[in-house]
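Respectively, the protein sequence lines represent chains A and B.
Position one of the first sequence corresponds to residue 1 (full-length UniProt numbering), numbered consecutively onward.
Position one of the second sequence corresponds to residue 1 (full-length UniProt numbering), numbered consecutively onward.
Glycine included, each C-beta is placed from N, C-alpha and C at the ideal position.
Bear in mind that the values here come from a model prediction, so they are computed numbers and not experimental data.
Here the structure is laid out as structure tokens; the discussion comes afterwards.
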Amino acid sequence: MSVLDGMIQGFQVAFSIQGIMFIFIGVLLGTIIGMLPGLGPITAIGVMIPISYGMDPNMALVMMAGVYYGAVFGGSTSSILLNAPGIAGTVASSFDGYPMAQQGKAGKALAIAAISSFVGGTVGVILLMAFAPVLAKVAIVFGPAEYFVLMLLALTAISSLADGSMNKALISSVLGFMVATIGIDGQTGTPRFTFGSMNLLNGVEFLVIALGLFALAEVWFLIINRKKKLFKGDGNIGSLRITKTEFKEMRGPVGRQSFLGFILGILPGAGATIASFIGYITEKKISKTPEKFGTGSVAGLAAPETANNAATSGAFVPLLSLGIPGSGTTAVLLGALLVMGIQPGPLLIQDQPALFWGVIASMYIGNIFLLILNLPLIPYISKILSIPRAMLISLVIVFCLIGVYSLSFNTFDLYLLLVFGVVGYLMKVLDFPPAPFILSFILGGMMEQSLRKALTISNGNLTIFIDRPIALSILIVTVLALTLPPFIRKVKGSPTI
Amino acid sequence: MFVSRNRVVGLILFFIAITYLFLSFRLPPYPLVPVDSDAVPIVLGVLLTIFSIILFFTKETEQEKSEEKKVIPENKKDLLMLLTVAVFIFLYIWLLEIAGFILTTILFIFFTTLLLGYKRHMVNLIVSVSVPVVFYYIFSYLLEIALPKGFLPF
Numbered sequence: 001m002s003v004l005d006g007m008i009q010g011f012q013v014a015f016s017i018q019g020i021m022f023i024f025i026g027v028l029l030g031t032i033i034g035m036l037p038g039l040g041p042i043t044a045i046g047v048m049i050p051i052s053y054g055m056d057p058n059m060a061l062v063m064m065a066g067v068y069y070g071a072v073f074g075g076s077t078s079s080i081l082l083n084a085p086g087i088a089g090t091v092a093s094s095f096d097g098y099p100m101a102q103q104g105k106a107g108k109a110l111a112i113a114a115i116s117s118f119v120g121g122t123v124g125v126i127l128l129m130a131f132a133p134v135l136a137k138v139a140i141v142f143g144p145a146e147y148f149v150l151m152l153l154a155l156t157a158i159s160s161l162a163d164g165s166m167n168k169a170l171i172s173s174v175l176g177f178m179v180a181t182i183g184i185d186g187q188t189g190t191p192r193f194t195f196g197s198m199n200l201l202n203g204v205e206f207l208v209i210a211l212g213l214f215a216l217a218e219v220w221f222l223i224i225n226r227k228k229k230l231f232k233g234d235g236n237i238g239s240l241r242i243t244k245t246e247f248k249e250m251r252g253p254v255g256r257q258s259f260l261g262f263i264l265g266i267l268p269g270a271g272a273t274i275a276s277f278i279g280y281i282t283e284k285k286i287s288k289t290p291e292k293f294g295t296g297s298v299a300g301l302a303a304p305e306t307a308n309n310a311a312t313s314g315a316f317v318p319l320l321s322l323g324i325p326g327s328g329t330t331a332v333l334l335g336a337l338l339v340m341g342i343q344p345g346p347l348l349i350q351d352q353p354a355l356f357w358g359v360i361a362s363m364y365i366g367n368i369f370l371l372i373l374n375l376p377l378i379p380y381i382s383k384i385l386s387i388p389r390a391m392l393i394s395l396v397i398v399f400c401l402i403g404v405y406s407l408s409f410n411t412f413d414l415y416l417l418l419v420f421g422v423v424g425y426l427m428k429v430l431d432f433p434p435a436p437f438i439l440s441f442i443l444g445g446m447m448e449q450s451l452r453k454a455l456t457i458s459n460g461n462l463t464i465f466i467d468r469p470i471a472l473s474i475l476i477v478t479v480l481a482l483t484l485p486p487f488i489r490k491v492k493g494s495p496t497i
Numbered sequence: 001m002f003v004s005r006n007r008v009v010g011l012i013l014f015f016i017a018i019t020y021l022f023l024s025f026r027l028p029p030y031p032l033v034p035v036d037s038d039a040v041p042i043v044l045g046v047l048l049t050i051f052s053i054i055l056f057f058t059k060e061t062e063q064e065k066s067e068e069k070k071v072i073p074e075n076k077k078d079l080l081m082l083l084t085v086a087v088f089i090f091l092y093i094w095l096l097e098i099a100g101f102i103l104t105t106i107l108f109i110f111f112t113t114l115l116l117g118y119k120r121h122m123v124n125l126i127v128s129v130s131v132p133v134v135f136y137y138i139f140s141y142l143l144e145i146a147l148p149k150g151f152l153p154f
């Protein structure tokens with residue numbers, strides 16, 4: 001079947017009435033959950049998994065994708081209005097967005113954010129359409145050796161790009177991998193680290209980790225800060241109108257960051273957070289009026305908002321065409337896909353073109369929905385921020401518990417969720433980043449299997465990773481990813497971006 | 001002088017690594033594969049041992065020290081609150097399959113919200129009753145996922 005046929009099938013999926021409905025549900029719920037303080041795309045995807053469980057995989061996938069980019073979109077709203085970003089990917093948006101809101105121009109800031117996000121997201125999808133099939137074609141020759149080094153690269157990249165101590169990020173990855181080794185070994189059938197418990201034979205459910213480390217861990221912070229009011233304003237956000245000069249100011253950053261953000265999104269370990277910071281920094285550097293940045297500059301808000309949404313589309317490239325997530329969030333998305341019985345990877349585009357192109361096509365519609373949701377309807381949606389914290393906390397806890405329960409029907413997993421909730425809290429207190437943990441937990445099983453398959457092929461000879469040119473070049477990049485960033489930091493003398 | 005956090009955490013991680021390594025070495029061998037099930041765990045255990053030693057000898061930066069304050073409960077009251085909520089969650093899990101989803105969830109939402117200082121009891125009651133009922137309906141009828149009924153007839 002030709003590529004065009006596949007695309008047409010995909011568009012049929014996305015443009016069906018059912019498709020449009022699920023895209024809408026996805027982006028709406030994503031926006032709402034992403035807006036809530038402390039809750040980001042990982043929680044949003046995690047909570048939605050039980051709902052998607054029995055659905056048609058095509059519809060489930062477009063909905064989940066919608067939840068993901070919807071949550072990134074929604075995160076910017078709380079960054080601007082509250083200076084309390086729901087996720088790390090929108091922290092940079094608060095630098096100029098929040099000062100703007102304080103000057104009574106919240107509506108304007110939200111409009112700039114919405115338009116920049118829309119452009120970034122849409123350009124990202126167009127680039128995704130061009131890149132993903134090409135990469136899938138290249139990846140079709142990949143054997144277990146290439147897959148192993150690629151995943152190794154993803155893990156080292158996320159650790160070395162993490163904020164703060166690289167050693168702590170590496171510890172976090174190793175711990176995640178260790179948890180992944182719990183259960184029956186796929187190759188030999190040996191039960192490992194189960195301590196005789198029947199419940200651990202199948203390993204730890206990934207939703208337990210995702211919701212424990214991200215959602216439940218955040219709940220403890222919400223409890224400590226429960227007295228802070230969520231939304232100080234009276235719900236009046238001012239005019240949404242953008243003037244012609246402001247529009248002109250946006251044009252440059254939006255155009256540039258759509259591409260830069262997308263490229264950063266493809267790279268393993270980078271993702272929306274780094275894209276938004278780099279977007280902000282580059283625009284500040286080339287700006288004629290850098291002193292305006294941080295005081296409510298239009299360009300300073302447009303740049304990170306464009307970049308993080310373009311990066312979100314970029315992150316789908318390795319996920320869909322290689323089946324390898326490059327960030328914590330896409331790792332959870334991969335986990336969700338596996339629950340639905342979808343295995344992303346180079347064969348997806350051949351075997352299930354409707355699924356592959358369906359999700360890409362759905363992003364066009366999803367971005368339009370987001371623009372509608374975020375421009376005229378934002379005053380109403382932002383009312384959700386006036387939910388009292390006490391109520392929000394108890395509801396989030398219930399969502400987490402029920403999410404896990406409806407996947408495993410086992411209270412043992414709920415106790416485990418509580419344990420990982422505490423672990424996640426401790427990690428946060430002690431500055432251990434949770435993203436490497438979840439990524440290596442999800443990649444761990446696959447990595448171990450591909451390593452052992454590769455070594456079975458080579459009869460235990462480690463040179464298989466050096467003899468194959470693609471594997472060798474990825475390995476070299478991995479070593480650079482591990483050694484370069486700390487080196488650059490040392491030379492520059494600045495801790496992190 | 002107070003003991004640095006990195007030392008304590010490094011030490012704990014070191015013990016986790018050693019225990020994990022010990023368990024890895026005791027995994028039963030399987031003769032027919034070139035790489036057995038203990039290979040990857042042993043590598044992981046060694047890596048964690050190395051990283052924990054590095055952490056043990058890492059000095060804390062000033063930035064880390066100042067950041068610590070925000071996230072740790074400032075007073076005993078907050079800590080007590082965290083523990084109480086944790087106990088509530090524990091009770092919820094314990095009661096879920098005994099008393100059923102609806103009843104347990106109503107009690108949990110109402111009392112947790114109350115505990116956290118929400119004063120409008122009527123609103124609280126409405127939310128804590130309607131959320132579980134709507135959820136139960138969505139899960140049982142739309143998604144066909146059976147949540148625990150408990151001793152209630154519906």
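Own chain, CB closer than 7 Å to residue i, minus 5 neighbours either side, in chain order
{"i": "N167(A)", "result": "none"}
{"i": "S297(A)", "result": "D96"}
{"i": "I263(A)", "result": "G314"}
{"i": "I466(A)", "result": "L472"}
Buried versus exposed call for residue i [16 or more other C-beta atoms within 10 Å across all chains shown]
{"i": "A130(A)", "result": "exposed"}
{"i": "P268(A)", "result": "buried"}
{"i": "I93(B)", "result": "buried"}
{"i": "M59(A)", "result": "buried"}
{"i": "N461(A)", "result": "exposed"}
{"i": "T122(A)", "result": "buried"}
{"i": "I488(A)", "result": "exposed"}
{"i": "R468(A)", "result": "buried"}
{"i": "R120(B)", "result": "exposed"}
{"i": "P495(A)", "result": "Caution applies to P495(A), whose pLDDT of 44 falls short of 50 and renders its modelled position unreliable; the model cannot decide the point."}
{"i": "L322(A)", "result": "buried"}
{"i": "G6(A)", "result": "buried"}
{"i": "G444(A)", "result": "buried"}
{"i": "M81(B)", "result": "buried"}
Contact set for residue i: own chain, Cβ-Cβ below 6 Å, skip 5 residues either direction
{"i": "A307(A)", "result": "Q257, G261, A275, S276, G279"}
{"i": "G212(A)", "result": "L417, F420, G421, G424"}
{"i": "D56(A)", "result": "none"}
{"i": "K244(A)", "result": "none"}
{"i": "T312(A)", "result": "Y69, V72, A272"}
Short Cβ contact (8 Å threshold) for residue i with residue j
{"i": "F441(A)", "j": "I209(A)", "result": "yes"}
{"i": "L401(A)", "j": "L416(A)", "result": "no"}
{"i": "I384(A)", "j": "V219(A)", "result": "no"}
{"i": "T58(B)", "j": "F14(B)", "result": "no"}
{"i": "D38(B)", "j": "F25(B)", "result": "yes"}
{"i": "I49(A)", "j": "V317(A)", "result": "no"}
{"i": "V9(B)", "j": "L430(A)", "result": "yes"}
{"i": "G403(A)", "j": "V47(A)", "result": "yes"}
{"i": "F151(B)", "j": "G117(B)", "result": "no"}
For residue i, the three-state DSSP class (helix, strand or coil)
{"i": "I184(A)", "result": "strand"}
{"i": "I497(A)", "result": "The pLDDT assigned to I497(A) is 39, lower than 50, so where the model puts this residue is not dependable, and the model offers no usable value."}
{"i": "P353(A)", "result": "helix"}
{"i": "residue 507(A)", "result": "Chain A is shown from 1 up to 497; residue 507(A) falls before or after that span and cannot be answered."}
{"i": "I8(A)", "result": "helix"}
{"i": "M340(A)", "result": "coil"}
{"i": "K108(A)", "result": "helix"}
{"i": "P325(A)", "result": "coil"}
{"i": "A162(A)", "result": "coil"}
Alpha-carbon to alpha-carbon, residue j and residue i
{"i": "L21(B)", "j": "G189(A)", "result": "19 Å"}
{"i": "M100(A)", "j": "R389(A)", "result": "25 Å"}
{"i": "L125(B)", "j": "F356(A)", "result": "45 Å"}
{"i": "V332(A)", "j": "G40(A)", "result": "12 Å"}
{"i": "E448(A)", "j": "V62(A)", "result": "30 Å"}
{"i": "E146(A)", "j": "L147(B)", "result": "43 Å"}
{"i": "A299(A)", "j": "G34(A)", "result": "23 Å"}
{"i": "I497(A)", "j": "S16(A)", "result": "A caution first: I497(A) carries a pLDDT of 39, below 50, which makes its placement in the model unreliable, though a value can still be read off. Between I497(A) and S16(A), the C-alpha separation is close to 44 Å."}
{"i": "V3(A)", "j": "S78(A)", "result": "40 Å"}
{"i": "L79(B)", "j": "P434(A)", "result": "22 Å"}
{"i": "I115(A)", "j": "L371(A)", "result": "7 Å"}
{"i": "L155(A)", "j": "F110(B)", "result": "42 Å"}
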